[in-house]
Each structure stands twice: as C-alpha cells, then as structure tokens.
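Novice: Residue numbers (the UniProt record's numbering), protein chains in the order written: chain A, 1 to 90; chain B, 1 to 90; chain C, 1 to 90; chain D, 1 to 90; chain E, 1 to 90; chain F, 1 to 90; chain G, 1 to 90; chain H, 1 to 90; chain I, 1 to 90; chain J, 1 to 90.
Cβ coordinates follow ideal geometry from the N, Cα and C atoms, glycine included.
Okay, here's the structure, questions in a sec.
Number of protein chains: 10
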Amino acid sequence: MNVNLPHDLPAVEVSDILAREKAYSQDLQRSGKWRHIWRIAGRYANISIFDVSDNEELHRLLSGLPLFKFMEIEVMPLLRHPSAVRDDDR
Amino acid sequence: MNVNLPHDLPAVEVSDILAREKAYSQDLQRSGKWRHIWRIAGRYANISIFDVSDNEELHRLLSGLPLFKFMEIEVMPLLRHPSAVRDDDR
Amino acid sequence: MNVNLPHDLPAVEVSDILAREKAYSQDLQRSGKWRHIWRIAGRYANISIFDVSDNEELHRLLSGLPLFKFMEIEVMPLLRHPSAVRDDDR
Amino acid sequence: MNVNLPHDLPAVEVSDILAREKAYSQDLQRSGKWRHIWRIAGRYANISIFDVSDNEELHRLLSGLPLFKFMEIEVMPLLRHPSAVRDDDR
Amino acid sequence: MNVNLPHDLPAVEVSDILAREKAYSQDLQRSGKWRHIWRIAGRYANISIFDVSDNEELHRLLSGLPLFKFMEIEVMPLLRHPSAVRDDDR
Amino acid sequence: MNVNLPHDLPAVEVSDILAREKAYSQDLQRSGKWRHIWRIAGRYANISIFDVSDNEELHRLLSGLPLFKFMEIEVMPLLRHPSAVRDDDR
Amino acid sequence: MNVNLPHDLPAVEVSDILAREKAYSQDLQRSGKWRHIWRIAGRYANISIFDVSDNEELHRLLSGLPLFKFMEIEVMPLLRHPSAVRDDDR
Amino acid sequence: MNVNLPHDLPAVEVSDILAREKAYSQDLQRSGKWRHIWRIAGRYANISIFDVSDNEELHRLLSGLPLFKFMEIEVMPLLRHPSAVRDDDR
Amino acid sequence: MNVNLPHDLPAVEVSDILAREKAYSQDLQRSGKWRHIWRIAGRYANISIFDVSDNEELHRLLSGLPLFKFMEIEVMPLLRHPSAVRDDDR
Amino acid sequence: MNVNLPHDLPAVEVSDILAREKAYSQDLQRSGKWRHIWRIAGRYANISIFDVSDNEELHRLLSGLPLFKFMEIEVMPLLRHPSAVRDDDR
Chain A
1 MNVNLPHDLP AVEVSDILAR EKAYSQDLQR SGKWRHIWRI AGRYANISIF
51 DVSDNEELHR LLSGLPLFKF MEIEVMPLLR HPSAVRDDDR
Chain B
1 MNVNLPHDLP AVEVSDILAR EKAYSQDLQR SGKWRHIWRI AGRYANISIF
51 DVSDNEELHR LLSGLPLFKF MEIEVMPLLR HPSAVRDDDR
Chain C
1 MNVNLPHDLP AVEVSDILAR EKAYSQDLQR SGKWRHIWRI AGRYANISIF
51 DVSDNEELHR LLSGLPLFKF MEIEVMPLLR HPSAVRDDDR
Chain D
1 MNVNLPHDLP AVEVSDILAR EKAYSQDLQR SGKWRHIWRI AGRYANISIF
51 DVSDNEELHR LLSGLPLFKF MEIEVMPLLR HPSAVRDDDR
Chain E
1 MNVNLPHDLP AVEVSDILAR EKAYSQDLQR SGKWRHIWRI AGRYANISIF
51 DVSDNEELHR LLSGLPLFKF MEIEVMPLLR HPSAVRDDDR
Chain F
1 MNVNLPHDLP AVEVSDILAR EKAYSQDLQR SGKWRHIWRI AGRYANISIF
51 DVSDNEELHR LLSGLPLFKF MEIEVMPLLR HPSAVRDDDR
Chain G
1 MNVNLPHDLP AVEVSDILAR EKAYSQDLQR SGKWRHIWRI AGRYANISIF
51 DVSDNEELHR LLSGLPLFKF MEIEVMPLLR HPSAVRDDDR
Chain H
1 MNVNLPHDLP AVEVSDILAR EKAYSQDLQR SGKWRHIWRI AGRYANISIF
51 DVSDNEELHR LLSGLPLFKF MEIEVMPLLR HPSAVRDDDR
Chain I
1 MNVNLPHDLP AVEVSDILAR EKAYSQDLQR SGKWRHIWRI AGRYANISIF
51 DVSDNEELHR LLSGLPLFKF MEIEVMPLLR HPSAVRDDDR
Chain J
1 MNVNLPHDLP AVEVSDILAR EKAYSQDLQR SGKWRHIWRI AGRYANISIF
51 DVSDNEELHR LLSGLPLFKF MEIEVMPLLR HPSAVRDDDR
C-alpha cells in the first residue's frame with residue numbers, strides 16, 4: 001500500500017485524515033482482521049497481512065480506508081505454507 | 001522468494017533438495033529468526049518475514065537455503081509501523 | 001495463465017500431458033469450481049475464473065494442473081461488482 | 001478497466017457521473033452485450049467480458065462510458081477455449 | 001510478431017519450416033485475410049494487419065503458422081478510424 | 001499514437017483542435033503520405049502507417065499535428081516484408 | 001534518491017528547503033550515519049550509503065529529510081562483501 | 001533527453017526559454033564539448049554525444065541547460081569501440 | 001545493439017564469427033554507411049549511427065551482420081536537429 | 001553487478017573462476033581503482049564504486065573480470081555531490 005498525498009492538500013485536511021486513518025487501522029488490528037502491518041523503510045508505504053473470510057470482506061475493509069483514494073494497493077492472495085510451523089500463519 | 005527449478009533436474013535430486021529446504025526453514029522458524037512464511041496462491045513462491053539483527057545475518061540465512069541458487073529473492077527492509085498495535089510486529 | 005512448453009519435450013510426453021490437462025480442467029468446470037475459461041487470441045494462454053471457498057482451495061486446484069510446472073500464473077482476487085446484474089457474477 | 005478520478009473534481013459532478021455510469025453498465029448487462037463484470041479487490045477497477053459482433057461495436061460501447069475519459073482500458077481479444085464445457089463461454 | 005528460433009535447431013529443419021511459413025502467409029494474403037505485412041527494421045519480426053470475422057478465426061489463422069511455437073504474438077484489436085478516408089482501412 | 005487531453009481544457013478549445021486535427025489527417029491521407037490509420041479498440045489512440053521519403057519528412061508531418069503536444073508517439077521503422085504479395089505494402 | 005520539485009513551487013520556498021536539506025545532510029555525514037553521497041550525472045538524484053543500526057533508524061533519518069515529500073527513495077540492503085579489503089566497507 | 005513542457009506555461013516564457021536553450025546548445029557544439037545532436041522522429045527529444053573530461057564536467061553542462069528542469073535525461077557512458085575506424089569516435 | 005553469445009558456443013566458432021563481424025563493420029564504416037560506433041561501458045553492446053537511404057537498406061545492412069542472430073537490436077529513427085551546427089549530423 | 005552462473009557449469013570450473021575473480025577484485029581494490037564494494041542482501045550481486053580516469057579504463061577493468069561473461073552490469077556515472085563533506089567521495 002503506497003500513499004500519494006497531493007502536495008497542495010491543506011494541512012488541516014491532512015492531519016484530520018491521518019488521525020482517522022490511524023483509528024480505523026487500529027480498530028481493525030484489534031479485531032484481528034488486520035493481522036500485521038509494517039512500514040517500508042524510506043517510503044510512505046506499508047506491507048500488511050489481512051485475515052478475512054473472502055475477497056468481498058477484504059475490499060470492504062480496504063475501500064473504507066480514509067486514505068483509500070490517495071492509495072495504490074496491490075493485493076497478493078496468500079495461504080498457509082506447507083513448511084509453516086506457527087499456528088497463526090494461515 | 002520465487003523458485004525456478006530447471007525442468008531437467010533428476011527427480012531424486014529434487015526430492016532431496018526439497019527435504020533439506022523444509023528442514024532448514026523449519027529450524028529457522030522455531031528459532032524465531034524466520035518469523036512468518038506464506039505461500040502465494042498459484043505460484044511456486046512465498047512471502048516471508050525475517051527478524052534478524054542486521055543485513056549480514058539476513059544474507060547468511062538466505063544464502064544458506066538449499067534452494068538458494070534456484071531462487072530469485074527480493075528483500076524489502078521493514079520496521080515497526082507507527083500505527084501497529086501488536087507487540088511483535090517489529 | 002501462460003503455458004511455455006520446452007521445445008525439446010518428446011512428442012509423446014506432450015500429447016499425454018495435454019490429454020490429462022484437458023480432463024482435469026473439464027472435471028473442475030463441471031463441478032462449478034472452474035467457472036469460466038477463454039483462450040487469448042494468438043497466444044498459448046487462457047483467462048479463467050475460479051469460484052473457490054478460499055486461497056487454500058485455489059492453490060490446491062492450480063498446483064494440481066498437469067501443466068503447472070510449465071505455467072506462469074497470475075491470480076487476481078475478484079468479488080461481486082456493485083453494478084453487476086447477473087446473479088452468478090460473484 | 002482502471003478508473004482515475006481527479007481528486008479535485010466537485011462532489012456533485014462525481015455522484016452524477018457515477019450514477020450515469022451505473023445505469024449505462026446495467027443496461028448493457030441486461031442486453032447481454034456486457035456479459036460479466038467483477039470488481040478487483042483493493043482497487044477502483046474491474047474485469048469485464050463483452051460479447052460483441054466486432055471491434056467497431058466494442059469501441060462504441062466502451063467510448064460511450066460516462067467515465068471513459070477517466071479510464072485506462074486494456075482490451076484482450078478472447079475466444080472459446082477448446083477445453084471449455086459451458087455453452088456460453090464463447 | 002517476434003520470431004525466436006533456438007540457435008541449435010538443425011539447418012534443414014529451419015529451411016523447411018521457413019518455406020512452409022512463407023507459403024502459408026502468401027496463401028492468406030492472396031485470400032485477403034492477411035491484409036498487410038511489414039518487416040520491422042533490424043529485427044526478426046513483423047507488423048501484420050488481419051481482416052477476419054472474429055477472434056475465433058484470427059486464432060485459427062495464427063496458431064496454424066508453421067513458426068507459431070517459436071513466436072511471441074501480441075494482438076491489438078483495431079477498427080475503422082473516424083478520420084479514415086480509404087475505404088479498405090477497416 | 002496515444003492522445004492525452006488535459007481534463008481541464010476548455011470545451012471550445014477541444015472541439016477546435018479536434019476539427020483541425022481531422023482536416024490535417026485527411027489531407028495527408030489523400031496525398032498518400034499517411035497510408036493507413038486504424039483506431040485501437042477501447043483507447044484514445046491509433047495505429048498509422050506513413051509512406052515518406054525520409055525521417056526528416058516524417059517528423060515534419062508528425063510535429064505539425066494540431067494534437068502533437070498532447071500526444072505520445074512511438075515510431076517503428078518498417079520496410080517491405082520478403083513474403084509480402086501486395087505491391088503497395090512497402 | 002530522486003527529487004521531483006513541482007515546477008510551480010515559489011522560489012523562496014525552494015531556496016529555503018534546499019538550504020535546510022543541505023544542513024541536514026551535512027550534519028548526518030559528519031556524524032558518520034550518512035557515510036557516502038554522490039550525484040548521478042544529468043539527473044537531480046543521488047546515490048547514498050547509510051551506516052545505521054537498524055531499519056528503524058534508517059527510516060527516521062530519511063523521513064526527516066526536508067525534501068522527503070518530494071523524493072522517490074529506493075532502499076537496497078547492503079552488507080560487507082566477502083572480497084572487500086577496506087575495513088570501512090561494511 | 002526528453003523534454004516535457006507543462007502545457008500551461010505562458011507562451012512568452014516558452015519562446016524565451018527555447019531561444020536560450022538553442023544558443024546554449026550551439027555554443028557548446030562549437031566548442032566541441034557537445035559533439036553530436038540528432039532529433040528523434042516523432043518525439044520532442046534528442047540523442048546527443050558529449051566529449052567531456054569527466055562526469056563533473058558533463059553534469060555541469062547538462063544542469064546548465066535552460067530546459068534542464070523540464071527534462072528527463074539518461075546518460076550512457078561510451079568509449080571508443082575496438083572496431084571503430086574514424087579517429088574522432090572516441 | 002546488445003550481443004548475447006550462448007556460453008556453450010565452441011571457441012573456434014566464436015573467434016571466426018568475431019573476425020568476420022569486425023571486417024564487415026569496418027567495410028561499412030569506410031563506405032560511410034555506418035557513420036559512428038561506440039562501445040557502452042561495462043556491457044557487450046554498442047551504440048551506432050547509420051546513414052542510409054531508407055529502412056530497406058538499413059535492414060539489409062543489419063541482417064547481414066555475422067552476429068545478427070545473437071543480437072538484440074533497437075532502431076531509433078533520427079534526423080537533423082534544428083539546433084545542430086555540424087554539417088554532417090544529419 | 002548481477003552474477004548468473006549456468007547451473008550445469010562443472011564444480012571445478014566454478015571454484016577456479018571464483019578464486020580468480022576474488023584475486024582480481026582485491027588487486028584492484030588495493031590499487032584504489034575499485035574504491036568500494038558491498039554485497040546486496042539475498043542476491044548474488046554487488047554494488048561497487050570505481051575511481052577511474054575515463055570510460056575507457058572503466059570498461060577495461062570490468063571486461064577483464066573473470067566472471068564478466070556471466071554478469072549483467074549497469075554503470076551509473078557519478079560525481080562529487082555539492083553537499084558532500086568527505087574529501088574522498090568524488
């Protein structure tokens with residue numbers, strides 16, 4: 001997930017949208033739907049792992065992101081690896 | 001990590017290398033260095049998260065993979081995201 | 001799904017693998033898991049739509065393809081479009 | 001079909017164009033010309049299958065889309081696959 | 001249409017396949033199905049215009065090329081341009 | 001030749017430039033310099049074949065296009081194909 | 001690190017941000033964190049080598065750059081090469 | 001060297017900058033530093049050969065171009081070819 | 001022009017083909033058809049300028065290269081630049 | 001600099017070529033021509049900085065590498081950055 005904020009967006013609008021984004025993300029993390037999130041060094045971007053029941057739910061979560069219209073998102077479908085040992089890497 | 005096995009590799013050599021790859025990966029997972037691994041749907045490839053002290057250690061682990069010479073690996077440097085809530089997403 | 005058959009594969013092996021591929025594909029189509037398949041004009045490739053319960057099932061179906069090791073597959077996660085009118089475009 | 005709406009388009013203009021787009025798409029779906037449509041998870045984009053008599057008709061349908069000037073469209077020419085079992089995958 | 005002949009193909013096989021390719025192409029040109037063909041300077045490749053009734057026919061013509069398995073083909077769907085003045089640019 | 005009109009260009013300016021573009025193109029087609037033109041399905045783009053004496057003339061024709069500053073043009077140098085049967089595919 | 005300054009940024013703002021960028025970079029170079037920096041000929045871009053304890057520190061340094069929001073940065077994780085002879089190429 | 005002039009740049013500013021660009025280029029050509037320049041057919045771009053003592057000098061010449069901030073430049077390091085026969089292809 | 005020699009080509013065949021390539025190139029340079037040639041630093045590749053009457057002649061020269069079947073060639077159509085001062089940069 | 005060793009190269013030939021490569025690289029490092037070298041984590045590749053008098057010398061050093069014919073090398077022309085503080089970042 002890359003974020004591209006237009007450089008002429010008013011500062012007030014930016015801080016508001018970022019606050020809502022953070023709350024939204026943390027709610028989903030606490031619910032277990034958004035299982036992992038990491039920052040990519042040197043970029044305004046992240047790598048996230050979602051645990052959803054289907055693509056319908058995934059899209060509803062992603063398109064609900066306050067920053068969605070400024071994001072470029074690539075979804076990679078993952079599954080449990082046959083060599084995985086941790087129970088929750090599913 | 002993508003794997004490209006030459007199609008003319010003898011079957012015995014293939015099964016031997018895959019067995020060693022699996023043991024190697026599971027040892028590192030149990031030690032906590034290889035924190036997560038997922039299969040990418042439809043491809044002979046995986047997405048993995050490593051928890052290492054520096055690039056030196058990361059390269060030693062990766063270049064020690066029995067499948068290393070058949071792999072195409074891209075490393076993306078990650079760090080804790082400011083919105084992360086799980087203690088171990090570091 | 002692109003297919004790249006090595007040009008030095010014996011003709012007998014080729015016709016055998018293609019026969020098994022066709023039977024495998026048609027069984028899955030009849031079961032409803034492999035909902036659609038189209039040939040791409042001018043290429044040895046197809047566009048297919050799968051209707052599976054999760055990524056685990058999708059990968060099991062794809063990696064079971066007799067031609068799997070000669071294929072380059074890209075999976076695009078789809079869902080029902082809000083403007084869709086047909087019941088089975090899900 | 002990817003959609004890129006300029007972020008400074010007035011909200012009224014956006015909701016008007018989206019309503020016209022939906023009506024246009026559903027009319028064509030009901031006529032059978034626009035056979036399938038799916039949303040791509042995490043993106044403002046879709047995958048669609050058209051059943052038209054020639055490229056002339058296809059272009060007339062696509063260039064008539066209310067969102068056409070904000071879209072990036074790639075057309076892939078498809079045909080019936082020799083292994084297809086459904087009568088209407090043509 | 002790019003052609004990639006393996007450099008270890010026997011010379012006899014090469015000259016035979018090229019002769020059949022030329023005959024096949026010229027038959028289709030005379031029938032009017034293969035309307036135009038140009039060589040691209042400096043490459044073993046061509047740009048061709050086909051005049052076919054549908055994608056089914058196009059694929060049958062292309063996959064029948066003696067060089068088909070050594071070719072990389074990209075099909076671009078064309079139609080009459082609204083500014084065209086020549087009757088046969090359709 | 002792809003055309004990218006800025007979405008904020010006044011409608012009057014757009015219709016004026018398009019009328020001049022059409023007249024310019026048709027004059028060149030009638031003179032035989034612009035031998036063929038086709039629309040690419042689903043895109044605001046065309047494929048054209050020019051018959052000019054050298055690159056100097058080609059550039060003069062292209063840079064004289066009223067839409068030139070909004071276009072992205074790729075020139076591919078063509079010549080008569082050894083298998084061509086039509087006299088004017090040169 | 002590529003820099004893309006919007007061409008309509010006021011000249012005063014530009015010279016201010018460039019002065020702060022230079023001071024920031026030179027402080028880090030003197031501290032030893034920013035070990036090397038070279039200009040890429042013909043481009044407004046540089047190649048830099050950082051010597052940091054982890055990705056966390058690297059991202060803090062990079063995201064603190066006054067030009068950060070106008071930059072496109074790609075981080076490549078490096079380590080000591082087994083053939084290196086200089087002590088400080090680590 | 002590609003040139004991308006913003007389409008909303010005032011006409012006076014454009015003609016001024018182009019006049020200065022031409023004078024700058026011709027001075028360097030006469031001095032022998034800018035050995036060759038060709039227009040690329042159909043594009044607002046050129047291919048140039050510079051004969052400079054080092055990268056420092058090359059960058060000084062390029063970044064001094066009046067159009068520099070509107071250009072995308074790729075530098076390819078060249079040297080005398082072992083098969084060259086002309087004395088000044090160095 | 002990039003050259004890719006298969007690594008299993010016999011050494012005798014390699015030296016023979018390289019000798020013929022050099023002679024062929026130097027004959028064309030002396031005739032004035034092959035106006036310039038430079039080596040690209042660090043690659044088995046060159047940048048060349050040809051001065052030919054049309055694409056037909058260019059292709060005949062290029063496809064006659066002894067190394068032609070091992071080369072990847074990209075032709076860029078050039079013309080005299082309006083700012084050029086040297087008579088022979090045409 | 002990426003290295004691609006064919007997987008069917010005899011082990012004896014591989015160890016011999018790697019030994020010669022290491023000696024060659026270390027001689028150049030000691031002479032000051034090959035100023036820096038780093039391994040890229042997870043890949044059989046390196047990033048190197050050369051300090052040479054011109055492209056001629058650079059190409060002679062690179063094409064003399066025992067692994068040269070198995071390498072893919074990209075040269076980026078660098079120069080002293082105006083913000084550099086270290087004397088030897090030139």
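Would the stretch 61-80 of chain H and the stretch 19-31 of chain I be scored as touching if the rule is three or more Cβ pairs under 8 Å?
Specialist: In short, these stretches do not touch, since the Cβ pair count stays below three.
Novice: Cβ atoms of A/N2 and A/E72: under 8 Å apart, would you say?
Specialist: The residue you call residue 72 of chain A lines up with position 72 of the first sequence. The residue you call residue 2 of chain A lines up with position 2 of the first sequence. Cβ distance < 8 Å, so A/E72 and A/N2 count as in contact.
Novice: Got a sec: which bits of the stretch 63-79 of chain J sit with their beta carbon under 8 Å from any beta carbon on chain I, in order along the chain?
Specialist: Per Cβ criterion, the list reads S63, K69, F70, I73, E74, V75.
Novice: Could you list which residues in chain J have their beta carbon closer than 8 Å to that of I/A41, in chain order?
Specialist: Taking the first residue of the ninth sequence as position 1, residue 41 of chain I is located at position 41. The contacting residues are N55, L58, H59, L62, V75.
Novice: Does the ligand SAH have even one heavy atom less than 7 Å from the beta-carbon of I/N4?
Specialist: With respect to the ligand SAH, the structure shown offers nothing to examine, as it has no ligands at all.
Novice: Could you name the residues of chain B that J/H7 contacts, counting a contact when the two beta carbons are closer than 8 Å?
Specialist: The sequence position of residue 7 of chain J within the tenth sequence is 7, counting from 1. Those are P6, K69, F70, listed as they occur along chain B.
Novice: If we call anything under 8 Å between Cβ atoms a contact, is J/Y24 one with J/L62?
Specialist: In the tenth sequence, the residue the question calls residue 24 of chain J occupies position 24. In the tenth sequence, the residue the question calls residue 62 of chain J occupies position 62. The answer is no: Cβ separation not under 8 Å.
Novice: Pull up the DSSP beta-bridge partners for J/V3, would you.
Specialist: Counting from 1 along the tenth sequence, the entry for residue 3 of chain J is found at position 3. Paired residues: J/M71.
Novice: Any beta carbon from chain A within less than 8 Å of B/N46's own beta carbon?
Specialist: Within the second sequence, the letter at position 46 stands for residue 46 of chain B. Output row for B/N46: interface = yes.
Novice: At a Cβ threshold of 8 Å, is A/V14 touching chain B?
Specialist: Numbered from its first residue, the first sequence carries residue 14 of chain A at position 14. No, because no Cβ of chain B sits closer than 8 Å to the Cβ of A/V14.
Novice: Can you list the residues of chain F that E/I17 reaches, using a CB-CB cut of under 7 Å?
Specialist: As a first step, residue 17 of chain E must be located in the fifth sequence, where it is residue number 17. Those within 7 Å of E/I17 in chain F number zero; the least Cβ separation is about 13 Å.
Novice: Please work out which residues of its chain come closer than 6 Å, Cβ to Cβ, to F/Y44, disregarding the five sequence neighbours upstream and downstream, and give them in chain order.
Specialist: Indexing the sixth sequence from 1 puts residue 44 of chain F at position 44. Only V3 meet the Cβ criterion.
Novice: For chain A, check one thing: does any of its Cβ atoms lie closer than 8 Å to the Cβ of residue 106 of chain B?
Specialist: Chain B is shown only over 1 to 90; residue 106 of chain B falls outside these bounds and no answer can be derived.
Novice: For chain F, find out if any of its Cβ atoms is closer than 8 Å to the Cβ of E/S31; answer yes or no.
Specialist: Numbered from 1 along the fifth sequence, position 31 holds the residue referred to as residue 31 of chain E. Judged by the 8 Å Cβ criterion, E/S31 is not in contact with chain F.
Novice: Could you check how far apart the C-beta atoms of E/I37 and F/D89 are, in whole angstroms? I think they sit under 8 Å.
Specialist: Counting from 1 along the fifth sequence, the entry for residue 37 of chain E is found at position 37. Counting from 1 along the sixth sequence, the entry for residue 89 of chain F is found at position 89. About 6 Å; that satisfies the 8 Å criterion.
Novice: Pick from B/D27, B/E21, B/L67: whose alpha carbon is nearest that of B/L5?
Specialist: By 1-based counting over the second sequence, the position of residue 5 of chain B is 5. Nearest C-alpha to B/L5: B/L67.
Novice: For the beta strand (DSSP E) that contains A/R86, what are its first and last residues?
Specialist: Residue mapping note: residue 86 of chain A aligns to position 86 of the first sequence, counting from 1. Note, A/R86: premise wrong, no beta strand (DSSP E); not H, not E.
Novice: In three-state terms, what does DSSP make of B/L78?
Specialist: Mapped onto the second sequence, residue 78 of chain B falls at position 78. Three-state DSSP puts B/L78 in a strand.
Novice: For the alpha helix (DSSP H) that contains G/V48, what are its first and last residues?
Specialist: Locating residue 48 of chain G in the seventh sequence gives position 48, counting from the first residue. Correcting the residue type first, residue 48 of chain G is Ser in the shown sequence and not Val. Unbroken run through G/S48 is the beta strand (DSSP E), 46-50; no alpha helix (DSSP H).
Novice: What's the call for residue 145 of chain F, buried or exposed, on a 16-neighbour Cβ count within 10 Å?
Specialist: This structure cannot settle anything about residue 145 of chain F, because the visible part of chain F is limited to 1 through 90.
Novice: Which residues in the same chain have their Cβ closer than 8 Å to the Cβ of C/R86, if we skip the five residues on either side of it in sequence?
Specialist: The sequence position of residue 86 of chain C within the third sequence is 86, counting from 1. Contacts found: none.
Novice: Determine the DSSP secondary structure at H/R39, reduced to helix, strand or coil.
Specialist: Counted from its first residue, the eighth sequence places residue 39 of chain H at position 39. Correct three-state label for H/R39: strand.
Novice: With a threshold of 8 Å on Cβ separation, who are the neighbours of A/N46 within its own chain once the five nearest residues in sequence on each side are excluded?
Specialist: Within the first sequence, residue 46 of chain A is the residue found at index 46, counting from 1. So the list reads M1, I37, W38, R39, I40, once near-sequence residues are dropped.
Novice: Could you check where the alpha helix (DSSP H) with G/L62 kicks off and where it finishes?
Specialist: Residue mapping note: residue 62 of chain G aligns to position 62 of the seventh sequence, counting from 1. That run of the alpha helix (DSSP H) goes 55-63.
Novice: Quick check on C/A19: buried or exposed, where buried means 16 or more other Cβ atoms within 10 Å of its Cβ?
Specialist: The sequence position of residue 19 of chain C within the third sequence is 19, counting from 1. That one is exposed.
Novice: Between D/D51 and chain C, is the shortest Cβ-Cβ distance under 8 Å, so that the two count as touching?
Specialist: To locate residue 51 of chain D, count along the fourth sequence from 1; it is residue 51. Closer than 8 Å: no.
Novice: Just curious, the alpha helix (DSSP H) that H/K22 is in, first and last residue?
Specialist: In the eighth sequence, the residue the question calls residue 22 of chain H occupies position 22. Taken as a continuous stretch (DSSP letters only), the alpha helix (DSSP H) holding H/K22 covers 11-31.
Novice: Using only CA atoms, which one of G/S83, G/S48, G/D16, G/G42 lies nearest to G/E74?
Specialist: By one-based count along the seventh sequence, residue 74 of chain G stands at place 74. Of the candidates G/S83, G/S48, G/D16, G/G42, the one whose C-alpha sits nearest the C-alpha of G/E74 is G/S48.
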